[in-house]
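Data block below; observations after.
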Amino acid sequence: MKLPIAMIAAVLLAACGNGQSATAPEAEPLHLTAIPVREQDVVNPILATGEIHADKITEIKPRVDGTIDAVFVDVGDHVTLGQPLFRTRQADYRNRLAEHEQALALAQAELKQASGDLERAVSLRGKGVVSQGRMDEVQARFDTARARLGMADASLAQARQNLADATVTAPYDGIVTGRYVDEGTMIQVATSNTPVVEIAKLDTVEVIAQVAAAHLPRLRPDTRVTVAVEGVPAPIDAMLGVINDKVDASTRSVEIRLHLPNPDLAIKPGLFAKLTLHPAPRRAAVIERTALLGPAGDTYVYVEQDNVASRRAVQVRDVDAALVEVLSGLMPGDSALAGPALAQVKDGSPVIVGKTADGSR
């Protein structure tokens, strides 16, 4: 049954007369805290990937021609500086050394004879007995004998060196990582590129990695680095050693290198490594994540203005699990709202702001 308009009006008037309002009640203020934007030192890590390399690695080849008659080491052997690795047959080089020793003795005798002849000729020349032509002949014999002695001496030194080079020794402390030749192999040094063994220095290893060239202004040779090596349980602290001056034009990256101690030889060449570089800290405006709302790329906060929440867009960058760096939208000294009731706040919501732990509001 429809009520007459007059009756409806009377009901409304009666309600007003009883002190009741027809408007909705005001929203209750939300109790929040103020989180300040503050300045502090921030380190933005740089991530990179790299590979482990031996500190040194050398393919050892023969120094003289001949047949390899002994290989003293095998793969996995530890060697020390000067330790024999392999030997080329020495018989021919011993025979040549003996020949050159005899040649030197002969040259010494010839020079002695020529020197005596020259002394006598000079003495007789002073008495007018020897002609100038004879003097020239004796002097030439002496000069020739002296030159032959020099050649014989050099040849003997080379023969001694060849005999010494028949035995090849380790150039540094290391580990044998390859053996390519067995006894009985004939090698001509001038025409063969075949090494006999390969050794590597592994008590220190090198990490070679690539980082984006955009990070170059933040890197220094003494930058601290944390290295996680594949198969090694604990990360290793190190210092950046070399920053290559050449930037790869195709990848826009730059090569970096650093060394890791490896006394127990647990880190093997070829292993994969993850690097976290820690550049020098810089001053930045930061705020706690609890004040941040919205998805990545569309983040915002609420600030208090005259006891009302006001939405403000901000750009931020991660610092750690608790903090973000404020790139725009807030300045150091500003505050943003936070607290359990933050999820209920809308632009224009009335708020009551309490003090934070540091006494600010």
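In terms of my numbering, the sequence shown has 201 at position 198, counting the first letter as 1, and numbering is strictly consecutive.
We treat Cβ as the ideally placed atom computed from N, Cα and C, and that holds for glycine.
- As DSSP reads the structure, Met189 sits in a beta bridge with Thr70.
- Closest in alpha carbon position to Ala269, among Met334, Asp206, Gly244, is Asp206.
- Looking at the DSSP output, His262 sits in a beta bridge with Glu209.
- Of the residues Thr293, Asp309, Glu328, Gln318, the one whose Cα lies closest to the Cα of Pro353 is Asp309.
- DSSP places Lys59 within a strand segment (E or B) once states are collapsed to three.
- Annotated as proximal: Arg92 and Thr70, with beta-carbon spacing under 8 Å.
- Across the set Arg286, Val45, Val171, Lys349, the C-alpha of Val45 shows the shortest separation from the C-alpha of Asp323.
- Taking 3 residues as the minimum length, the beta strand (DSSP E) runs contained wholly in the segment 305-355 are 311-316, 318-321, 326-331, 338-341, in order along the chain.
- With 16 or more other CB atoms across the displayed protein chains lying within 10 angstroms of its CB, Glu209 is buried.
- A distance below 8 Å separates the beta carbons of Ile202 and Ile63.
- In the three-state scheme derived from DSSP, where H, G and I count as helix and E and B as strand, Lys130 is classed as coil.
- Per the coordinates, the alpha-carbon of Gln105 lies some 13 Å from the alpha-carbon of Ala157.
- Looking only at Ala143, Tyr96, Ala325, Pro39, the smallest Cα-Cα distance to Leu114 is reached by Ala143.
- Looking at the DSSP output, Gln43 sits in a beta bridge with Ala287.
- Nearest C-alpha to Asp77 among Val184, Val125, Glu140, Thr52: Val184.
- For Thr188, the CB contacts under 6 Å within the same chain, skipping 5 residues up- and downstream, are Ile71 in chain order.
- Leu280 places its beta carbon 8 Å or farther from that of Pro87.
- One Cα belongs to Ala294, the other to Gln43, and the distance between them is close to 18 Å.
- Scanning its chain for C-beta atoms nearer than 6 Å, with the 5 sequence neighbours on each side dropped, one finds around Asp80 the residues Val179, in chain order.
- When secondary structure is reduced to three states using DSSP, Thr91 falls in the strand class.
- The beta-bridge partner set that DSSP reports for Phe275 consists of Glu54.
- By the C-beta density criterion, Ala316 is exposed, having fewer than 16 other C-beta atoms within 10 angstroms.
- Exposed is the label assigned to Ala112, since fewer than 16 other Cβ atoms lie within 10 Å of its Cβ.
- Cβ-Cβ distances below 7 Å link Ser331 to Val317, Gln318 in the same chain, with the five nearest sequence neighbours on each side left out; the list follows chain order.
- If you look at Arg227, you'll find it in the beta strand (DSSP E) that goes 227-232.
- Lys249 sits in a strand when the DSSP states are folded into three classes.
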